[in-house]
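J.: Under our numbering, residue 1296 is the last one in the sequence shown; the count climbs by one each step, no gaps. Cβ atoms here follow ideal geometry from the backbone N, Cα and C, with glycine treated the same way. Take a look at this one; I'll ask things after.
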Amino acid sequence: MPESADPAQPSPAHPGAEGGAPAAGPAAELRADVRRLSTLLGESLVRQHGPELLRLVEEVRLLTKESKEAARGGAGALGPWNAADVAAQVRELLASLPLDQATELVRAFAFYFHLANAAEQLHRVRELANRPDDGGWLAAAVNDIAQEAGTRTLQAVADVLDVRPVFTAHPTEATRRSVLDKLRAVSRILAVPSGDGTALRRRQDRHLAELIDQMWQTDELRLVRPAPLDEARNAVYYLGEIFSGALPEVLDELSVLLAEHGVTLPADRSPLRFGSWIGGDRDGNPNVTAEVTREILGLQNQHAMRIAVGIIDELISTLSNSTDITRVEPELAESIRIDLAKLPGLDPRVLELNAHEPYRLKLTCIKAKLLNTARRVAAAAQHEPGRDYVSMAQLDADLDILERSLRTHSPLAADGVLADARRLLASSGLHLATLDIREHSDYHHEAVGLLLDPLSELPRRYSELAPKQRRKVLAAELGSRRPISSHPVVLPGHAGRVYETMRVIRQMRRTLGPDVIETYVVSMARGAEDVLAPALLAREAGLVRLHGESPYAHIGFAPMLETVEELHAAADIVDALLSVPAYRELVRLRGDVQEVMLGYSDSNKESGVLTSQWEIHKAQRLLRDVVAGHGVRLRLFHGRGGSVGRGGGPTSDAIMAQPNGVLEGEIKFTEQGEVISDKYSLPELARENLELSLAAVMRATALHRDPRTTLDERERFSELMDLMSDAAFARYRSLIDDPDLAAYFSASTPIDQLGELNIGSRPARRPDAAAGLEGMRAIPWVFGWTQSRQIIPGWFGVGSGLRAAREAGKDAELREIHQRWPFFQSVISNVEMTLAKTDLEIASHYVTSLVPVGLHRIFETIRAEYELTVAEVRRLSGEDELLAAAPTLKRTLEIRDQYLDPISYLQVELLRRLRAGGGDGHGDREGREVEASLRRALLITINGIAAGLRNTG
344 MPESADPAQP SPAHPGAEGG APAAGPAAEL RADVRRLSTL LGESLVRQHG PELLRLVEEV
404 RLLTKESKEA ARGGAGALGP WNAADVAAQV RELLASLPLD QATELVRAFA FYFHLANAAE
464 QLHRVRELAN RPDDGGWLAA AVNDIAQEAG TRTLQAVADV LDVRPVFTAH PTEATRRSVL
524 DKLRAVSRIL AVPSGDGTAL RRRQDRHLAE LIDQMWQTDE LRLVRPAPLD EARNAVYYLG
584 EIFSGALPEV LDELSVLLAE HGVTLPADRS PLRFGSWIGG DRDGNPNVTA EVTREILGLQ
644 NQHAMRIAVG IIDELISTLS NSTDITRVEP ELAESIRIDL AKLPGLDPRV LELNAHEPYR
704 LKLTCIKAKL LNTARRVAAA AQHEPGRDYV SMAQLDADLD ILERSLRTHS PLAADGVLAD
764 ARRLLASSGL HLATLDIREH SDYHHEAVGL LLDPLSELPR RYSELAPKQR RKVLAAELGS
824 RRPISSHPVV LPGHAGRVYE TMRVIRQMRR TLGPDVIETY VVSMARGAED VLAPALLARE
884 AGLVRLHGES PYAHIGFAPM LETVEELHAA ADIVDALLSV PAYRELVRLR GDVQEVMLGY
944 SDSNKESGVL TSQWEIHKAQ RLLRDVVAGH GVRLRLFHGR GGSVGRGGGP TSDAIMAQPN
1004 GVLEGEIKFT EQGEVISDKY SLPELARENL ELSLAAVMRA TALHRDPRTT LDERERFSEL
1064 MDLMSDAAFA RYRSLIDDPD LAAYFSASTP IDQLGELNIG SRPARRPDAA AGLEGMRAIP
1124 WVFGWTQSRQ IIPGWFGVGS GLRAAREAGK DAELREIHQR WPFFQSVISN VEMTLAKTDL
1184 EIASHYVTSL VPVGLHRIFE TIRAEYELTV AEVRRLSGED ELLAAAPTLK RTLEIRDQYL
1244 DPISYLQVEL LRRLRAGGGD GHGDREGREV EASLRRALLI TINGIAAGLR NTG
């Protein structure tokens, strides 16, 4: 089960063919689907490789199943043989295989997981279909808010609701789109019921067999690393699917539910919009240039225009109101006259046919302007007033004219089809998804220094100033009226690229309107000066003007707080920032909203999961209070990954676990990698996830304004969390600070092969990063531990933290916070799931086979903490085993191991062979060919494990 999935969407009970007596309902359908797909996969293997491969697959699978059942003491116990004996037999068999046969075997197991995952997704869809019509998340949230807080509060929430998933190109999706598309086709076929032996079943199986053959003959590995434009096309694909299916349904349902309580959802804005980092995230990715940003926004515009034209076409089809039967407002007739004068190229036949249908005429003119907009953007031409749109405000003005006429003469249509269309258009705009720009704080200071030093006004070079001195200088310059540069500004190196990005932001806002880019994210923001620097550069580039008759701030700035030190200082950083009069004026011009981004990955890598989560929770409390003191609203942007080790877990649970009063209808959170394909690949799942997020934000905004606990309880709970966090942090750092950990990590995982997967345009390290583990990004860090089944980013240190609380006599309080505190419940639930995915018996095979004996002590440290954490989590839950309260997920993971373990064994064997051969690409031609084949097989095992665990990094 992906760690991003919500508990309302449980994984199936059985992805394999075994499992006891069949049960009625969706679980039985799932088992039947997986058996059906497994059979078809077996037939495909025979067609393409003969029966020998299928026999080998079954032999390995059954031996692995026997070893697992023996290890659990189940019915499969093996008499005089024990689990270790059988596991050793499997490993010996795999080690004896020729490379080509080993490669085909691992592909077979990997493709089983792909097919099982497709069946599981369909199972989740079926469970949703069985839900009562009024049993959805939105319906429950709307009803609860109306009953508990009243319709006035419900209207207030509807007025400010702004939920924004932000798609990123973080490289965690190992499966190629070519494979994902075929898996979606498999799900569509399985979704149509058919009986055994029927003509429909035979046709379906023929189509499924064809798809499986095509999948088998498709290279699952990317030959080249994707460029940012490739990543943007992938995101645009998913966004197009969402806009054509799930999003209009969710918006329509929310509107109807609110109307039942007399509450109106504004028609000219959408409560659900999408953002993107693809083409805007420059931090550590030299492939994202200003020109790439421009090109990707052009791509997004073309798709947004297609979506908008489709929406307008639907309105043209529907609004056939004739002036021979009803009236329209004179304003509408006049606007049509003006439009026709400026759009002489419209089809005369359309004008003739719709001569008495003014809504269709007006919509035809709107459609022509949209098409002209797409052509203008593609050609980088000038805006022609009245012929194309340069902002959503212009499109809204045209739609307002339609709305006012319909409001008078056909009010149901005004509140129905037109309002629905307007909300959808407000979601997509002219740009499809609002692009954030992100850059490392150091490069802004470099650019500022190049502008200030030539003025010779500072006591020393800007780069030599202490942070507080920089802050004072920047605050004064931001508040002054003088420019610090002459135009055009020409700066060398990275500083020049930063300034060029500012120019592109200005240009694209003029081209596509103010919504195209709204936020500039400053990563590694260690003080207020790190945000003031890009704000000053933006002023120089014409994006900010704080003086004169018409001041403006075309973009806002968001510090990204990533490390524990930054999280500790979060309130101080933002307080100092908002205390700068010039910056406070900038925030006022942005609607008195200060966005702050919280980075989960780096804080987890630095401090461990428990401390990271607790520090982020505390930072949210402090930020809430400090911005309120400045009369500002806080918008939090959660930079969460897919895995628990990078802040992942059920989105709705995470939203509800936030401190009270943090949410005021607005939230942003990242969606990336395998999370995007898992959440949004099927329309029904996309709708469910959008519903969950909207419902959770509505609940938190309306019903979690006040604390759920007393002041005394909050203080006790916080003291207990501090105690656990300190102990967990100490234990985690004792591992991370071990001087041999880098060597152990490299030896016990396939981390060196990550770059060869070609799953993202971003390098695994920032260009100027330090060597060793410290300079490694969080994604490869989690990736390596996950592949070797150690997964320490998701649990290490938690056991020590829980034990410290218990030994301090806090047993009763531990149970209390586990029962009553959503934050703690969410943390422990995610940790328990990660513990269940961890398999130290498999990990021990990596260690004994690949790691020098002198480093085995590190594995013993990991094993000891794992056993402690399992024991403490079980003690806390009161259950005899992990996931006892989630038997469906538990059974899923057990069955998957039958297919996952052989891939891990093969990965170890291939790593051993590659390392024994040197793996340096030298040697004779035959040796190089063998090494290339080894590397390819190894990458296939990485893909297979990622598919089996439903996580990469």
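Roughly how many whole angstroms lie between the Cα atoms of H911 and V917?
T.: 12 angstroms
J.: Give me, in chain order, the residues of the same chain whose beta-carbon lies closer than 6 angstroms to that of R813; leave out the 5 immediate sequence neighbours on both sides.
T.: If we look at R813 and ignore the five residues flanking it on each side, its Cβ neighbours are E872.
J.: Spatial neighbours of T382 within its chain, please: CB distance less than 6 angstroms, with the 5 preceding and 5 following residues excluded, ordered by chain position.
T.: none
J.: Short of 7 angstroms in beta carbon distance, which residues of its chain neighbour I654, apart from the five on each side in sequence? Order them along the chain.
T.: In the same chain as I654, and ignoring 5 residues on each side of it, the C-beta atoms closer than 7 angstroms to its own belong to A764, L767, L768, in chain order.
J.: If contact is defined by three or more beta carbon pairs under 8 angstroms, each pair taking one atom from either stretch, is the region 1162-1169 in contact with the region 1194-1204?
T.: no
J.: Below 8 angstroms, how does it come out for the region 931-939 and the region 967-977: are there three or more Cβ pairs, yes or no?
T.: yes
J.: Using CA coordinates, which residue listed in R964, E1175, V832, F456 is at the minimum distance from G1291?
T.: F456
J.: Would R467 pass as a contact of L1028 if the rule is Cβ separation under 8 angstroms?
T.: yes
J.: Output needed for T751: all residues of its chain with C-beta closer than 7 angstroms, excluding positions within five of it in sequence on either side, in chain order.
T.: E672
J.: With distances taken Cα to Cα, identify the nearest neighbour of E401 among R390, L384, Q1250.
T.: L384
J.: Answer yes if the region 536-551 comes into contact with the region 476-489, meaning at least three C-beta pairs across the two stretches below 8 angstroms, and no otherwise.
T.: no
J.: Specify the secondary structure class of A962 as computed by DSSP and reduced to three states.
T.: helix
J.: Pull the bridge partners of Y895 from the DSSP assignment, please.
T.: R888
J.: Taking the C-alpha atoms as reference points, what is the distance between D505 and I1010?
T.: The C-alpha of D505 lies about 7 angstroms from the C-alpha of I1010.
J.: Would a C-beta distance cut-off of 8 angstroms place A776 and L582 closer than the cut-off?
T.: yes
J.: If we call anything under 8 angstroms between Cβ atoms a contact, is V760 one with T661?
T.: Pairing V760 with T661 gives a Cβ-Cβ distance under 8 angstroms.
J.: For A418, is the classification buried or exposed, using 16 other Cβ atoms within 10 angstroms of its Cβ as the cut-off for buried?
T.: Note on A418: pLDDT 44, under 50, position unreliable in the model; the coordinate value appears next. So A418 counts as exposed.
J.: How far does the alpha helix (DSSP H) with I621 in it extend, from its first residue to its last?
T.: Counting along the chain, I621 falls outside any alpha helix (DSSP H), and DSSP gives it neither H nor E.
J.: Using the C-alpha atoms, what's the distance from A881 back to A838?
T.: 13 angstroms
J.: Just checking my contact of S613 with L594 at CB under 8 angstroms: how many whole Å lie between their CB atoms?
T.: 7 angstroms
J.: Counting only runs that start and end within the region 912-954, where is the alpha helix (DSSP H) found for 4 or more residues in a row?
T.: 913-921, 924-932, 943-950
J.: Rounded to a whole number of angstroms, what is the C-alpha to C-alpha distance between S944 and V535?
T.: 41 angstroms
J.: For T669, count the other beta carbons within 10 Å of its own beta carbon; 16 or more makes it buried, fewer makes it exposed. Which is it?
T.: exposed
J.: Which residue marks the beginning of the alpha helix (DSSP H) containing H1161, and which one marks its end?
T.: 1154-1163
J.: What first and last residue would you give for the alpha helix (DSSP H) that runs through P591?
T.: 589-602
J.: When you compare each of V567, W1128, M1064, V969 to S1089 by their alpha carbons, which one comes out closest?
T.: W1128
J.: Evaluate contact between the region 567-581 and the region 732-750, counting only Cβ atoms and requiring at least three cross-stretch pairs below 8 angstroms.
T.: no
J.: Let's see if you can read the secondary structure: which residues bound the alpha helix (DSSP H) around R1146?
T.: Where R1146 is concerned, the enclosing alpha helix (DSSP H) stretches over 1141-1150.
J.: At what residues does the alpha helix (DSSP H) containing I650 begin and finish?
T.: 633-661
J.: Helix, strand or coil, according to DSSP, for Y863 in the structure here?
T.: strand
J.: Spell out a yes or no on whether the region 786-799 and the region 630-642 are touching, meaning 3 or more CB-CB pairs, one atom from each, closer than 8 angstroms.
T.: no
J.: In chain order, what are the residue ranges of uninterrupted alpha helix (DSSP H) at least 4 long that sit wholly in the region 654-719?
T.: 673-685, 691-696
J.: Bridge partners of A901, per DSSP?
T.: V864
J.: Tell me the DSSP bridge mates of G836?
T.: In the DSSP output, where bridge partners are listed per residue, G836 has none listed.
J.: Alpha carbon to alpha carbon, what distance is there between H960 and M1041?
T.: 20 angstroms
J.: Give me the residue from G1287, D682, S770 with the minimum Cα distance to L1249.
T.: Per the Cα distances, G1287.
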